[in-house]
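Asks:
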RNA sequence: GGUCCGUUCGUCUAGGGGUUAGGACGUAUCCCUUUCACGGAUAAAACACGGGUUCGAUUCCCGUACGGACUACCA
């Protein structure tokens, strides 16, 4: 059967969207575009206790920023609206009830205390994995053990209850994961998961299957943390009678900590000083702040390219890919199986590549913004010139200004190390001559002219230029390293240049 | 503990029964150069271990070890 490819990204709005979630969204987007299908966003907010204001908007903004905007979502709904599970609440119960009728699910009235007591009892009896399953359910309060009359009475009285799936005692459950191949699990290791919670909301397991079915989802591309519950999902498709249209599963390798082991977390961000969220975020409840890639100066092109390569590769030696090129090259077959450590250095490298690829005019805008933050101004033309000589040594747009402040601000002090090694009488002599040459010349000030005049000043004193270049740089910029000096001279202008040299000579 | 998943340079990975095991980031050295950077070149650096199958395994199979995920009325 040939259905239109439809995939979904289904985050839970419980905080900032983790970078691993962004990668999942990206892969879904790429797969949808590659196959001329649709990419939908569904908000999985069935846990009302974990609602965090602003989290939903954060998800939307992050995807928009990166250019992986869903075709269907709460903000641009289509045929499958609504796209928020909380708004779909009324439609889940009928499906749960359908399962109860078919004998694949049942009511359970156990309280939290009773469940806890059961687990303790089993643990004491040294049962390896205490769970609500085909054995233990016979000792609990549910519609399988209670008389029919009592079940009806309890339901009628409004007593809280949940609906649990009735996992078969012995059955081999198998699924063919697109990344991992056949995965087989015996039903005896599964437990009777809650499908409908006592607050009337479905759990993830139920809502996920019902919505994917109703929304015509053809492929479920999600993180590996879902693999253990996938057999349960397969069983649900079977019990609903939706096997024919059951989506194909693809469980993505996890994003791991850069050091040691384990899943990448916010703690790693704090520890290593790099972001694990796409954008800045402040939790409205706790006040906790987290930095974002965007605010740290990562370009969206770089983040996308970096993320795409965390677990996937094109099979050749190409490294640089635009979003469109990724769409063209993407395939699930080329996604790896093993977990991926998060290496921020690679992200920085990508950032440098994309930064240098930007035009001077684009970069000038970034630079002007940074300059403005310091209460200064620079016109677009000059900003572009600064950008052109600074971008080769910048990782982030902010570096253009951070590393190039001397372009607009005369040095008030000088690097002592360089001064002690390179500053000498020869340098002073040449610089004094240079000032005279500069003052006397009336031609248009160009890098070539600046160089010619400097050479003249050195030669007339019988001093080799190479001997005093570092000192000249120090005098004008205050530091011993930076872009081509003659280009710097022209940008700061002849008058300012003379002033700086005079200040340096009288100070050093 | 149980279930499931995984394991090629420090990191991301290509490859696949016979290869000098390839690329990228990072690291080191050299070249370019007025410095730094960019760029170019070179180098060090990997098939977890043990069995089996085979003429031959890094590649296929089985174990072991190690790592990870899951094990809620959270997703």
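Numbering (our numbering), first residue to last: 1 to 508. C-beta: ideal position from N, C-alpha, C; glycine also.
Whole-angstrom Cβ separation of residue 477 and residue 488, contact assumed at under 8 Å?
Replies: 7 Å
Asks: Taking residue 304 as the reference, which of 267, 354, 112 has the closest Cα?
Replies: Measuring from the Cα of residue 304, the nearest candidate turns out to be 354.
Asks: According to DSSP, simplified to helix, strand and coil, what is residue 500?
Replies: helix
Asks: Roughly how many whole angstroms lie between the Cα atoms of residue 196 and residue 98?
Replies: 12 Å
Asks: In this structure, does DSSP put residue 134 in helix, strand or coil?
Replies: coil
Asks: Give, in chain order, every unbroken run of the alpha helix (DSSP H) that is at least 4 residues long and sits entirely within the region 225–296.
Replies: 230–240, 266–272, 293–296
Asks: When the Cβ atoms of the region 131–142 are set against those of the region 166–179, are three or more pairs found closer than 8 Å?
Replies: yes
Asks: Can you find at least 3 beta carbon pairs, one from the region 262–269 and one from the region 321–337, that sit closer than 8 Å?
Replies: no
Asks: For residue 76, is the classification buried or exposed, using 16 other Cβ atoms within 10 angstroms of its Cβ as the cut-off for buried?
Replies: exposed
Asks: Would you kindly check if the distance between the Cβ of residue 91 and the Cβ of residue 214 is under 9 Å?
Replies: The answer is yes: Cβ separation under 9 Å.
Asks: Under a Cβ-count criterion, where at least 16 other Cβ atoms within 10 Å of its own Cβ denotes burial, should residue 192 be classed as buried or exposed?
Replies: buried
Asks: Does residue 382 pass the burial test, meaning 16 or more other C-beta atoms within 10 Å, or should it be called exposed?
Replies: buried
Asks: Assign residue 335 to one of two classes, buried (16 or more other C-beta atoms within 10 Å of its C-beta) or exposed (fewer than that).
Replies: buried
Asks: Can you list, in chain order, the residues of its chain whose CB lies under 8 Å from that of residue 67, leaving out five sequence neighbours each side?
Replies: 300, 304, 323
Asks: Based on Cα-Cα distance, which residue from 333, 307, 298, 302 lies nearest to residue 315?
Replies: 333
Asks: For the alpha helix (DSSP H) containing residue 75, name the first residue and the last one.
Replies: Note, residue 75: premise wrong, no alpha helix (DSSP H); not H, not E.
Asks: Is the beta carbon of residue 186 sitting closer than 9 Å to the one on residue 5?
Replies: no
Asks: Measuring CA to CA, which of 59, 49, 34, 32 is closest to residue 42?
Replies: 59
Asks: Assuming residue 365 and residue 217 form a contact by the criterion Cβ under 8 Å, report the distance between their Cβ atoms to the nearest whole angstrom.
Replies: Between residue 217 and residue 365 the Cβ distance is about 41 Å, and since that is not below 8 Å, they are no contact.
Asks: Alpha carbon to alpha carbon, how far is residue 210 from residue 178?
Replies: 21 Å
Asks: Could you spell out where the alpha helix (DSSP H) holding residue 186 opens and where it closes?
Replies: Looking at the DSSP string, residue 186 is not in any alpha helix (DSSP H); the run it does join, the beta strand (DSSP E), is 181–186.
Asks: Applying the 10 Å Cβ sphere with the 16-neighbour rule, what's the burial state of residue 473?
Replies: buried
Asks: Check residue 423 in the structure and name its three-state DSSP category.
Replies: coil
Asks: Mark residue 317 as exposed unless 16 or more other C-beta atoms lie within 10 angstroms of its C-beta, in which case mark it buried.
Replies: So residue 317 ends up on the exposed side.
Asks: In chain order, what residues of the same chain lie with their CB nearer than 8 Å to the CB of residue 493, ignoring the 5 residues before and after it?
Replies: 445
Asks: For residue 33, which of 205, 69, 483, 436 has the nearest alpha-carbon?
Replies: 69
Asks: Could you tell me how far apart the beta carbons of residue 48 and residue 201 are, in whole angstroms, since I believe they sit closer than 8 Å?
Replies: 7 Å
Asks: Cα separation between residue 339 and residue 307?
Replies: 13 Å
Asks: Among the candidates 116, 128, 139, 163, whose CA atom is the shortest distance from the CA of residue 103?
Replies: 163
Asks: Given a cut-off of 9 Å on the beta-carbon distance, is the pair residue 221 and residue 256 in contact?
Replies: no
Asks: Am I right that residue 427 and residue 471 are in contact with their C-beta atoms under 8 Å? What's the rounded C-beta distance?
Replies: A Cβ-Cβ separation of about 3 Å places residue 427 in contact with residue 471 under the 8 Å criterion.
Asks: For the region 385–401 against the region 413–430, are there 3 or more C-beta pairs whose distance is under 8 Å?
Replies: No, the region 385–401 is not in contact with the region 413–430.
Asks: Can you tell me whether residue 153 is buried or exposed? The criterion is at least 16 other CB atoms within 10 Å of its CB, across all chains shown.
Replies: exposed
Asks: DSSP three-state label for residue 173, please.
Replies: strand
Asks: Measure from the alpha carbon of residue 46 to the alpha carbon of each residue in 109, 74, 173, 199, then state which is nearest.
Replies: 199
Asks: Between residue 246 and residue 239, is the Cβ-Cβ spacing less than 9 Å?
Replies: no
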